[in-house]
Structure formats: structure tokens, C-alpha cells
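This report refers to the structure that appears directly beneath it.
What follows is the structure in C-alpha cells.
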């Protein structure tokens, strides 16, 4: 009986910790001027040593749309893109580069006019975390400008505290 009570208290405390962390993350899913923003969605797991949390928000304007997701936890590192690289075809463009101390992977489908940015928020002393933006009918430069409105340093700090 005592062991079960301790487990229940531990479980509730763990849920409360992640709920608090998600509230901090939700505050970082900002409104973007000129865009209609959807509800913020979030999920967290803390089980058997696996910690994972995500926060997502969808935005739209006219025929353009994008979503921004913060993902922190195991296996979210962008290990294959630690060096600058460019792949260009008639249909697809993929580029990895560094901007303001963050590793970034940009992909763009020229035919579908869809793309994504993945920003590696992890530092060497923490599990993987990334900021992901997927977009439709937005050029890559404009998408990056929008993405830079989000506070990458603060998201990195919250991820480090959460995980």
C-alpha cells in the first residue's frame, strides 16, 4: 500500500513538472503579426528514462500556411547535418548551414512549393531538441524571417531545464 502511494505521488509530481514546462513552451509559440494562429497543441512523455515533449502551432494567411513545432527529447538530433552541405535538383533543394550559432537544415520542394526548416537547439550537454517549421506557398527567405521571430535561445534554455 505504501509503495503504491509513493508511486502515485511520484507520478503526479512528474506530470506536474511536465505540465509546467509545457506552459513555458506554450508562451514561446507566439502570435505572428498578420497571420491567423491556431490553438497550441502539446504532448509530453516521461517513462522509463525516456523524456519527450512537443509543442505545435499552425498559422495561415490567404493561401499561405506554416506550422512551428518545438520538439525535445531523445533522438531529435540532426546528426547527419553537422557540416555545411547543399543538394540541388530541378525539384528539390536541401541545404544545411549555421546561423547565429545554430545548425539549420532547409528543405524545399520547388514543384509543390512546400518546405521545412529544422533548427538544432541542442547543446552538447543535453538531449536533442529542435525547432521545426513546415510551410506551404511561402518562399524560403520569408519563412526564415518568420522563424527568426521565435526566441531560439529561450527555447534552448527551456529545453535544457525540461530535460
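In our numbering, the protein residues as written are 880 to 1042. Every residue, glycine too, gets a C-beta built ideally from N, C-alpha and C.
Cβ distance (whole Å) where residue i is taken to contact residue j below 8 Å
i, j, result
"residue 905", "residue 934", "6 Å"
"residue 972", "residue 987", "5 Å"
"residue 903", "residue 1037", "5 Å"
Rounded separation between residue i and residue j - CA only
i, j, result
"residue 982", "residue 1000", "8 Å"
"residue 945", "residue 1032", "21 Å"
"residue 979", "residue 1027", "10 Å"
"residue 967", "residue 943", "24 Å"
"residue 1039", "residue 915", "30 Å"
"residue 909", "residue 923", "20 Å"
"residue 913", "residue 991", "24 Å"
"residue 1054", "residue 1012", "A question about residue 1054 goes unanswered here, because the residues of the chain that appear run from 880 up to 1042."
"residue 929", "residue 919", "23 Å"
Beta-carbon gap between residue i and residue j smaller than 7 Å
i, j, result
"residue 970", "residue 985", "no"
"residue 937", "residue 952", "no"
"residue 1022", "residue 1029", "no"
"residue 931", "residue 1010", "no"
"residue 994", "residue 1019", "yes"
"residue 1034", "residue 907", "yes"
Minimum C-alpha distance to residue i - residue among the options
i, options, result
"residue 1008", "997, 1016, 919, 1015", "997"
"residue 1024", "907, 911, 903", "911"
"residue 941", "1034, 1036, 1039, 1016", "1016"
"residue 977", "968, 925, 962", "962"
First and last residue of the uninterrupted alpha helix (DSSP H) at residue i
i, result
"residue 995", "No alpha helix (DSSP H) contains residue 995, which is instead part of the beta strand (DSSP E) from 993 to 999."
"residue 1025", "1019 to 1026"
Limits of the unbroken beta strand (DSSP E) element including residue i
i, result
"residue 930", "929 to 940"
"residue 925", "920 to 926"
"residue 968", "Unbroken run through residue 968: none, as it is neither H nor E."
"residue 983", "981 to 988"
"residue 952", "943 to 952"
"residue 1009", "1008 to 1015"
Short CB-CB distance (under 7 Å) between residue i and chain C
i, result
"residue 981", "Looking at the structure shown, chain C is missing, and only one protein chain is on hand."
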